[in-house]
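Numbering (mature numbering (1 follows the signal peptide of the UniProt record, and there is no 0)), first residue to last: -23 to -1, 1 to 737.
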């Protein structure tokens, strides 16, 4: 009997071992390039495209039923592909299909005011200047700016439609408006003639994180403020008498204040925090926005895992923006907030307009009086207690709850602080990167703090002002090497530290300004070293890219036939590398002179960009040639080229890509020739070149003059670069090339990321 039971047990065990284990399904994007049905697909075209997606997947899964169950997005308008739940081996089989460009796991992207437009020269003392790009660009009238972000708060005055005419006929997005009242009956009239559309994209987020838990309908309403802020910067109305906690009083306005606005909500989060924006949702939003007919897209999101040239077609941001630009839509995105380290810039594909972050000449600050009589200057927007008494100060890591870690508590993460130890005190939190400052303020308020001091870490030595639920001051990190070091070490050395926080005040003008923000991501470009990134610098963090989107709207209104590359060139070649003291722009991190790796071509100047003189244009074929030179197969490029045959040129070099900047990696004593072509967008004139050569580099430009007899005439020139000696170091070197006709200055940085090493 014992042996019978043992045999039965062994047989059952063997049978269980032989049963196949269920593989985990993951969310994959299958990218197939472009559709061949043209720029205005019919419903029949889209149905046919979706059916072809089912056919392709069914060839791997075995049936159309399984294919339909797996696919949750069919990109059937302008981007060809689909998103589906697949096992790894199924994805591997699809990857082998010769019709497939790429297959990749969907990744998550992260989200990266009143005075800024005055600092950019649009107005002075509240009056619009005569040479303002606002006037020449008709305030961006009827240009359509789309935003991919956390949504919009539709009741904001920035989005009212008083004085607006009918929605432009070029808008093909219909009347779909996924905006609902916070309570009561659903209302689809929250869009108007200013805010002309609002749509949601969330399927991939729900697959990865579970249902959003909304029974009354998924809404494009913004519950965190990020999307509303960026949208108002790009194209918000003039709104008078606004301030933030009584600071920065003035008139809020967008870069293109008469633009029409469309919202594509792609970023979601539990309880409206830690928003994620997935590749799958992002591609679907791009596909929709292209079909809707937007002119400009502002996308302040990115991810940093893109590290090689093959990743250009395995990123939702890169793929979506490529197809948008191929349909003459300008895509503007942020460089990222991973500075001050080099090689951290994101969104580096050459068809994306990549914007770094800089300061303006306004500061919100307050003083903190310490118990020893010393003072700290902090950055602050928030009101502080009116009491004039010194208040006890506690350090967050020392007042944690028993079950919280010191690391989490010092960052003031939700639920980590002990109210019995915090109540009635000033709380010191480390700023870090893992949590938004406002979430730290909410934890401080929950624990009963009267005020909060946010201290930066060594790598993020910048102080930004944020509205907070408690009085807050942001101070730089303790660093004895800095000349302007603060005295916050008192808090850590005193036995019973006390302090008094004063109310915040607004200071204008601040000098020097602008400076490159310490957190702004920097180059060089890891994927394409011959393309300088970032492209330009503009005010703000996530709001840097909507500033440029707003400027692009003015140029699009003024020059409706210009390509995205021409508009990008105009903004890049007219940017400035000087601050308001007429010195080179500094890096906020250490006060040193910044370089093109920090600011690109410089700080934007819209009044000059509206009339640039010359521009560097790019066609779709130029981007395809760049892919050819980046070792992409012709077969794949044909799929991207609307399924039309494409022959890669044999002699094309990345150095000759007609970009408004010139970057030559690994320059040696052997001369390198670079070719550029400029288009005259002004009157007939003659331009002369002026060169500031990088250190230890000989630069020759041929010819040295360019004469144009008519508008839109093109001329080419060669730049010959040669190292005068091989460097012992790998330090980068920078120069510039400027064409001028006496009125216009068309400037391009010359960047040598690294010399060939000297033989030893």
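The beta carbon of each residue, even a glycine, is placed where N, CA and C say it ideally should be.
These numbers were taken from a predicted model, which means no experiment stands behind them.
query: Does residue 79 pass the burial test, meaning 16 or more other C-beta atoms within 10 Å, or should it be called exposed?; result: buried
query: Please report the residue range of the beta strand (DSSP E) in which residue 242 lies.; result: 237 to 242
query: Would residue 262 pass as a contact of residue 289 if the rule is Cβ separation under 9 Å?; result: no
query: Where does the unbroken beta strand (DSSP E) through residue 41 begin, and where does it stop?; result: Element bounds for residue 41: not the beta strand (DSSP E) but the alpha helix (DSSP H), 41 to 47.
query: Kindly identify the DSSP beta-bridge partner or partners of residue 132.; result: According to DSSP, which records beta bridges pairwise, residue 132 is partnered with nothing at all.
query: Assuming residue 124 and residue 275 are in contact, meaning their beta carbons sit under 8 Å apart, how far apart are those beta carbons, in whole angstroms?; result: 5 Å
query: Buried or exposed: which applies to residue 41, given that a residue is buried once 16 or more other Cβ atoms fall within 10 Å of its Cβ?; result: exposed
query: Just tell me which of 555, 560, 579 has its CA closest to the CA of residue 549.; result: 579
query: Is the beta carbon of residue 651 closer than 9 Å to that of residue 632?; result: yes
query: Whole angstroms is fine: what's the gap from residue 367's alpha carbon to residue 388's?; result: 24 Å
query: With a threshold of 8 Å on Cβ separation, who are the neighbours of residue 709 within its own chain once the five nearest residues in sequence on each side are excluded?; result: 501, 572, 574, 728, 729, 730, 731
query: What is the rounded straight-line gap between the Cα of residue 672 and the Cα of residue 280?; result: 34 Å
query: So residue 76 and residue 9 are supposed to be a Cβ contact under 8 Å. How far apart are they, rounded?; result: 6 Å
query: For residue 407, which of 395, 384, 401 has the nearest alpha-carbon?; result: 384
query: Which residues share a DSSP beta bridge with residue 331?; result: 310
query: Using DSSP's beta-bridge definition, name the partner residues of residue 653.; result: 694
query: Kindly identify the DSSP beta-bridge partner or partners of residue 716.; result: 666, 723
query: Where does residue 658 fall in DSSP's three states?; result: coil
query: Could you round the C-beta distance between residue 341 and residue 358 to whole angstroms and report it? I think they count as a contact, below 8 Å.; result: 5 Å
query: Tell me the rounded alpha-carbon separation between residue 612 and residue 298.; result: 21 Å
query: DSSP beta-bridge partners for residue 115?; result: Beta-bridge pairing links residue 115 to no other residue.
query: Apply the 10 Å Cβ neighbour rule to residue 694 and answer buried if 16 or more other Cβ atoms are within range, or exposed otherwise.; result: buried
query: In this structure, how does DSSP classify residue 471 when only helix, strand and coil are distinguished?; result: coil
query: Helix, strand or coil for residue 389 per DSSP?; result: coil
query: With H, G and I counted as helix, E and B as strand and the rest as coil, what does DSSP make of residue 554?; result: coil
query: Would you identify the three-state DSSP class for residue 588, choosing helix, strand or coil?; result: coil
query: With DSSP as the reference, label residue 178 as helix, strand or coil.; result: coil
query: How is the alpha helix (DSSP H) around residue 781 delimited, first residue to last?; result: This structure leaves residue 781 out entirely; the chain is present only between -23 and 737.
query: Would DSSP call residue 466 helix, strand or coil?; result: helix
query: Between 121, 154, 446, 265, which has its C-alpha nearest residue 416's C-alpha?; result: 446
query: What span of residues does the beta strand (DSSP E) with residue 536 cover, start to end?; result: Careful: residue 536 lies outside any beta strand (DSSP E) and carries neither H nor E.
query: Rounded to a whole number of angstroms, what is the C-alpha to C-alpha distance between residue 663 and residue 585?; result: 19 Å
query: Measuring CA to CA, which of 172, 177, 245, 188 is closest to residue 213?; result: 172
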